[in-house]
């Protein structure tokens, strides 16, 4: 690679090769400036994840072709996958920024609890969603401030906050769940949790969220600053970026994502459990890294994270559908994670 | 000579009982490359910190374009158009050239969305201005793929984008090979040609001698020598002078080096 990247400062312009007249005015050029090559190079991490997903699905399908032609299989994945997507994507921002957030399951539980309280009290579910979003924002701000302004390790501090918030939920509710029977007739349910052309409508909202976040990551000041802060905080500071503020913002973003995820999961089940969100901690984290976002910060991929989430959520369904017993699920989870990490290590160079 | 960008008069800086700088006079004119040479502990880094406003001098005056400035600070330094480029830590190496140039000053439009096309255009213009052309790299290339000298170029282009009038290069060639050093010199000459000034700080007297229009030798917190390029015949003269001030009359064979003293102003 290094040889191909040899700088060419001495060569007089437009004399080396190609149509001279056309290139003489262009000082920046690339020997193989083909759009497809550029696309592959720019998206190698997410394309790698996509390849892993396709290979995995191919193996499952070969094992049991008939099951994979039934729509029910995909329908069930498309119902639960969106919940994961709403937290996987913000976590890509967090990891890119050089931090980690393990408190999102409790934030999911807490925000959806607020949603459940508002809905059960007879208010419109839209008001409940607004209240849940506000709760998620505040909790994200709280967790982020604790980590950033308290100068704590995000790994440990967010783990602590996860236990603390979950503990609060448990203490107050004493393990009791809340059934939301009146939810099914509401317009909010029709918009956020019904079916469209037989497809669970959540997936459309999740795709919109992924697309918006990918633009935020690649085409917005916020994403640009998140990457720079994760890459070189000293330099970012010298260039006038409020590094601490950017760090708090990624935690707020995760809080908002967790609130949406929690609310969606309650709407799917018509019930809020005090454990809501707990099961998402490890699959969501795995999705981020399977997706090709490295642990060291500075770079990442939203699209990859989303494909990672699809991969992880198909493992369980796929293993069972392929005719293996449920005992194989964890083994395949681990296998996919390890193989993906090895693949990404080979696929991405780390620049220092 | 053109306009005087900045002038330090009798700058002193003490940390408790210890004087890091004991009355330094230094000025940089427009379109001039000033080479600042000094051994470790001579006070170079304290001087840079004072120029960039991070450290406040204990006493002395700072004049920007001939006018004394009160309340010197990092913000005042930036307003005066002074940008410091530190050797390694300046760039985010996993990001593109574009992202590094616009770090903290992204070109944005509606609601903070990036003007991607305009950024590429502006980045290309800046890189062209400092003489960075390449058949291998584009503004979208990752900085980590660039060589050490080219990275300095990106940092210099960024300083120019920030409207810098005076760019302080802190040891820009210390860790670089000969070809890479030549690239940095190429960038520095382009910047000078565009009417900006550079304060080039270095250990390597040969490097500084090759690029600077004027030399300032710092020794134990004081200016030991200020000389124009025309007043010094070769880098060896400077080296002899440096050895003389390091070991005054101490080393045999250096007693005749007083000639350099006479040239000092």
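Protein chains in written order, with the numbering used here: chain A, -18 to 333; chain B, 31 to 295. Beta carbons: idealized from backbone N, C-alpha and C, even for Gly.
Per DSSP, residue 128 (chain A) forms a beta bridge with which residues? According to DSSP, residue 128 (chain A) bridges with nothing at all.
The beta strand (DSSP E) with residue 65 (chain B) in it runs from where to where? It spans 63 to 68 - the beta strand (DSSP E) in which residue 65 (chain B) sits, taken as one unbroken run.
Just reading off the beta strand (DSSP E) that residue 227 (chain B) is part of, what are its end residues? In the DSSP assignment, residue 227 (chain B) falls within the beta strand (DSSP E) that extends over 227 to 232.
If I'm right that residue 128 (chain B) touches residue 200 (chain B) with Cβ under 8 Å, what's the distance once you round it to whole angstroms? At roughly 24 Å, the Cβ-Cβ gap does not stay under 8 Å, so residue 128 (chain B) and residue 200 (chain B) are not in contact.
To the nearest angstrom, how far is the alpha carbon of residue 218 (chain A) from that of residue 226 (chain A)? In a straight line, the C-alpha of residue 218 (chain A) is about 11 Å away from that of residue 226 (chain A).
What runs of the alpha helix (DSSP H), each 4 residues or longer, lie entirely inside the segment 104 to 177 of chain B? Whole alpha helix (DSSP H) segments, 4+ residues: 104 to 109, 127 to 131 and 146 to 159.
Sort out for me which residues DSSP pairs residue 58 (chain B) with in a bridge. In the DSSP output, where bridge partners are listed per residue, residue 58 (chain B) has B:36.
Who pairs with residue 100 (chain B) in a beta bridge, going by DSSP? According to DSSP, residue pairing for residue 100 (chain B) in a beta bridge does not occur.
Between the beta-carbon of residue 112 (chain B) and the beta-carbon of residue 102 (chain B), is there less than 8 Å? No.
Please decide whether residue 229 (chain B) counts as near chain A, where near means a Cβ-Cβ distance under 8 Å. Not closer than 8 Å to any Cβ of chain A, the Cβ of residue 229 (chain B) fails to qualify, so no.
Residue 43 (chain B), buried or exposed, once every other Cβ within 10 Å from all chains shown has been counted against 16: Counting Cβ neighbours within 10 Å, residue 43 (chain B) comes out buried, since at least 16 surround it.
Across which residues does DSSP place residue 49 (chain B) in a beta bridge pair? Per the DSSP secondary-structure output, residue 49 (chain B) pairs in a beta bridge with B:44.
Could you tell me whether any Cβ in chain B is nearer than 8 Å to the Cβ of residue 2 (chain A)? At residue 2 (chain A), the pLDDT of 35 sits below 50, so the modelled position is not reliable; the number obtained from the coordinates is stated separately. No, no contact with chain B.
On the premise that residue 185 (chain B) lies in contact with residue 121 (chain B), defined as a C-beta separation below 8 Å, what is that separation, rounded to the nearest angstrom? Between the beta-carbon of residue 121 (chain B) and that of residue 185 (chain B) there is about 6 Å, and that keeps the pair under the 8 Å contact cut.
Among B:250, B:175, B:164 and B:269, which has the Cα closest to the Cα of residue 74 (chain B)? Checking every option, the nearest Cα to that of residue 74 (chain B) belongs to B:250.
In three-state DSSP terms, what is residue 252 (chain B)? Secondary structure at residue 252 (chain B): strand, using DSSP grouped into helix, strand and coil.
May I have a chain-ordered list of the alpha helix (DSSP H) segments no shorter than 4 residues that lie completely inside the segment 195 to 226 of chain A? Within the segment 195 to 226 of chain A, the complete alpha helix (DSSP H) runs of at least 4 residues are 202 to 212 and 214 to 219.
From which residue to which residue does the beta strand (DSSP E) around residue 200 (chain B) run? Where residue 200 (chain B) is concerned, the enclosing beta strand (DSSP E) stretches over 196 to 200.
Could you confirm whether any beta carbon from chain B is found closer than 8 Å to the beta carbon of residue 268 (chain A)? The beta carbon of residue 268 (chain A) sits no closer than 8 Å to any beta carbon of chain B.
Within 10 angstroms of the Cβ of residue 50 (chain B), are there 16 or more other Cβ atoms? Answer buried if so, exposed if not. Residue 50 (chain B) counts as buried, since at least 16 other C-beta atoms from the protein chains shown sit within 10 angstroms of its C-beta.
Helix, strand or coil at residue 251 (chain A) [DSSP, three-state]: Residue state, collapsed to three classes: coil.
State the Cα-Cα distance for the pair residue 303 (chain A) and residue 234 (chain A), rounded to the nearest angstrom. Going by the C-alpha atoms only, they are around 37 Å apart.
Here's the rule I'm using: 16 or more other beta-carbon atoms within 10 Å means buried, otherwise exposed. How should residue 93 (chain A) be labelled? Residue 93 (chain A) comes out buried.
In whole angstroms, give me the CA-to-CA distance for residue 220 (chain B) and residue 127 (chain A). As the crow flies, the alpha-carbon of residue 220 (chain B) is around 48 Å from that of residue 127 (chain A).
So, is residue 261 (chain A) buried or exposed, given that buried needs 16 or more other C-beta atoms within 10 angstroms? Buried is the label assigned to residue 261 (chain A), since at least 16 other Cβ atoms lie within 10 Å of its Cβ.
Using the beta-carbon of each residue, which ones in chain A are nearer than 7 Å to residue 48 (chain B)? Correct list: empty, because the minimum Cβ distance to chain A is about 27 Å.
Which class does residue 319 (chain A) belong to by DSSP, given the choice of helix, strand or coil? It is helical.
Against residue 136 (chain B), what residues of chain A qualify as contacts under a CB-to-CB distance less than 7 Å, listed in chain order? Those within 7 Å of residue 136 (chain B) in chain A are 202 and 205.
Alpha carbon of residue 5 (chain A) to alpha carbon of residue 165 (chain B), nearest angstrom: Note that residue 5 (chain A) has pLDDT 38, beneath the 50 cutoff, so the model's placement of it is unreliable and no number is given.
In whole angstroms, what is the alpha-carbon distance linking residue 134 (chain A) and residue 122 (chain A)? A direct Cα-Cα distance of roughly 16 Å separates residue 134 (chain A) from residue 122 (chain A).
Quick check on residue 100 (chain A): does DSSP put it in helix, strand or coil? In the structure shown, residue 100 (chain A) sits in a helix (DSSP, three-state: H, G or I).
Determine the chain A residues that contact residue 174 (chain B) at a beta-carbon separation under 9 Å, and present them in chain order. The answer, in chain order, is 330, 331, 332 and 333.
How long is the line joining the alpha carbons of residue 23 (chain A) and residue 197 (chain A), rounded to whole angstroms? Distance between the alpha carbons of residue 23 (chain A) and residue 197 (chain A): 17 Å.
If we require 4 or more residues per run, which alpha helix (DSSP H) segments fall completely within the segment 137 to 187 of chain A? Secondary structure within the segment 137 to 187 of chain A: the alpha helix (DSSP H) runs of 4 or more consecutive residues, fully enclosed, are 168 to 174 (chain order).
Output the distance between the C-alpha atoms of residue 50 (chain A) and residue 33 (chain A), rounded to the nearest integer angstrom. Their backbone Cα atoms lie some 21 Å apart in a straight line.
Same chain only: Cβ atoms within 7 Å of residue 298 (chain B), ignoring 5 sequence neighbours per side: Residue 298 (chain B) lies beyond the residue range present for chain B, which begins at 31 and ends at 295; the question has no answer from this structure.
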